[in-house]
Amino acid sequence: LAKTTQPISMDSYEGQEVNITCSHNNIATNDYITWYQQFPSQGPRFIIQGYKTKVTNEVASLFIPADRKSSTLSLPRVSLSDTAVYYCLVGGNNAGNMLTFGGGTRLMVKP
Amino acid sequence: GAGVSQSPRYKVAKRGQDVALRCDPISGHVSLFWYQQALGQGPEFLTYFQNEAQLDKSGLPSDRFFAERPEGSVSTLKIQRTQQEDSAVYLCASSLAQGTNYGYTFGSGTRLTVV
């Protein structure tokens, strides 16, 4: 399974755009890139998933360069409620594919 | 139900006691996973079910850990003779077994404290 590397923590302010970059140098051809968000005392919550180029949904955007060795989660205009741990995962997206979490990035949004 | 439900939310066990943690997945979800999350760490895989079949239990840390899903819906994670290192949050996740770009839905977890 591809290993991921992401910053341990990041600080931001309300209204700013936040970009969290994840490195996954050993990503396999059939691996997808998925991001989860976790608030204290809750389970992780799926945010976005992509394979290449750019994916956008109502919550975030995911940018994936052509070599797919990294990806960037972009959160537009963060608010205090976006303070959470964000996990980058790579792997197959077939049912039964185990999710392998790293340490995640602790995002602190300040007023 | 609308989401994955886990019970109890909190469990305090004396060392050596047996515990049982319950997971009610989303109705119709075929895949079910158990994860263990230590304080300040990411979740770590324990075991995986497809319907009632336990297809992967490679993450179970010892033979004191046992999981079952006899009818392919509710699952129970049992820990025998609990030890202090078992203290963690135990998360359950479920997903549909079809389509792409789906995500796993996690429950809020059971926080186990062994004293």
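Chains as they are written, first to last, in the numbering used here: chain A, 1 to 111; chain B, 1001 to 1115.
Where is the CB? At the ideal position from N, CA and C, for every residue including glycine.
Nothing here was measured: the structure is a model prediction, and the numbers come from that model.
The beta carbon of K69 (chain A) is closer than 6 Å to those of N25 in its chain, skipping five residues each way along the sequence.
Shown in chain order are the members of the region 1047-1058 of chain B whose Cβ falls below 8 Å from a Cβ of chain A: Y1048, Q1050, L1055, D1056. Here P1043 (chain B) is buried, its C-beta having at least 16 other C-beta atoms within 10 Å. A straight-line Cα-Cα distance of about 20 Å links T21 (chain A) and G1103 (chain B). Residues of chain A whose Cβ lies closer than 7 Å to the Cβ of Y1104 (chain B) are, in chain order, F46, L99.
For Y1090 (chain B), the uninterrupted beta strand (DSSP E) run begins and ends at 1088-1095, by DSSP.
Under the Cβ distance rule, G1072 (chain B) does not count among the residues neighbouring chain A, no pair being separated by less than 7 Å. The region 29-36 of chain A makes contact with the region 44-51 of chain A; the number of CB pairs closer than 8 Å reaches 3 or more. For E1044 (chain B), the three-state secondary structure derived from DSSP is strand. Identification of chain A residues near F1045 (chain B) by a Cβ-Cβ cut-off of 8 Å yields M98, L99, T100, ordered along the chain.
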